[in-house]
Ligand SMILES: [Mg+2]
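Residue numbers (this note's numbering): 339 to 602.
Okay, structure coming up:
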């Protein structure tokens with residue numbers, strides 16, 4: 339059972355936890371969490387009001403804000419031009435700490451040549467299919483089919499076929515929100531969260547996210563008494579590691595405003 343993070347008990351509990359702690363790590367996924375999905379991921383924008391809310395939170399001494407996204411790092415920093423925040427692109431494979439320091443975990447040498455072969459195949463197979471967007475993430479690759487009108491199963495089948503031709507244990511295939519992705523298997527958003535936490539004193543951590551990739555981060559916080567894993571979308575309550583939920587991106591904004599209202 340997941341609890342509404344905006345219920346008065348949940349809010350009271352978080353307020354109490356924060357008043358007894360020297361700070362809060364506040365992690366948010368981007369797409370589907372801080373902003374609603376758009377048909378084309380390149381059309382997504384962070385509304386001005388949302389940007390200033392995030393900047394206000396990041397400016398608080400006791401709040402450490404982190405945005406952890408599957409998007410490419412440069413894309414994410416363009417979309418979320420927030421100062422004094424941790425920005426983690428490509429699930430944290432490219433992570434900038436609050437002080438601007440860059441952290442990149444090591445990736446096995448086998449990964450790059452295989453990704454490059456997969457990239458060629460993916461371009462061959464999908465290039466002429468209308469509504470398919472191929473996102474190149476350097477050490478990773480995503481196929482978005484949100485704009486595709488046909489049967490998504492045919493898109494998946496093609497992707498799994500390419501994967502079966504190139505599969506190595508150092509890489510993994512992942513299905514997300516209307517997307518298929520191949521990425522290094524030794525790294526996920528849970529690792530990103532732990533990397534961020536290592537540089538901070540022991541403080542409570544909130545993680546808000548809507549997708550399968552966020553589950554790895556929820557799992558890290560699940561049994562932590564100072565952890566608040568929050569899934570976006572109530573219908574996801576059955577298979578989640580989260581203990582709380584927020585109904586939609588609007589509820590996320592309300593929750594962030596709640597944290598701002600009693601901080602500072
Ligand atoms: Mg998301």
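A virtual CB, placed ideally from N, CA and C, is assigned to each residue, including glycine.
Residue 486: not part of any alpha helix (DSSP H); DSSP gives it neither H nor E. By the neighbour-count criterion, in which a residue is buried when 16 or more other Cβ atoms sit within 10 angstroms of its Cβ, residue 367 is buried. For residue 565, the beta-bridge partners assigned by DSSP are 543. For residue 427, the enclosing beta strand (DSSP E) covers residues 424-427. Assignment of residue 476 by DSSP, reduced to helix, strand and coil, places it in the coil class. The beta strand (DSSP E) runs of length 3 or more contained entirely in the stretch 510-561 are, from start to end of the chain, 517-522 and 543-547. DSSP places residue 456 in the uninterrupted alpha helix (DSSP H) bounded by 449-464. Residue 432: not part of any alpha helix (DSSP H); member of the beta strand (DSSP E) spanning 432-434, first to last residue.
Secondary structure at residue 364: strand, using DSSP grouped into helix, strand and coil. Inclusion of residue 433 and residue 530 in the CB contact set at 8 Å is warranted, their separation being smaller than that value. With respect to the 8 Å criterion, residue 544 and residue 570 are not classified as neighbours on the basis of their beta carbons. Per DSSP, residue 348 is not a residue of any beta strand (DSSP E); the alpha helix (DSSP H) it occupies stretches across 346-357.
For residue 600, the number of other beta carbons within 10 angstroms of its own is below 16, and it is reported as exposed. Under the DSSP definition of a beta bridge, residue 471 partners with 482.
DSSP lists 363 as the beta-bridge partner residues of residue 402. Measuring C-alpha to C-alpha distances from residue 340 to each of 596, 592, 568 and 364 identifies 568 as the nearest.
With a contact defined as Cβ atoms closer than 8 Å, residue 494 and residue 429 miss out at about 21 Å. Cβ contact annotation for residue 538 (same chain, cutoff 8 Å, sequence separation greater than five): 361, 363 and 402, in chain order.
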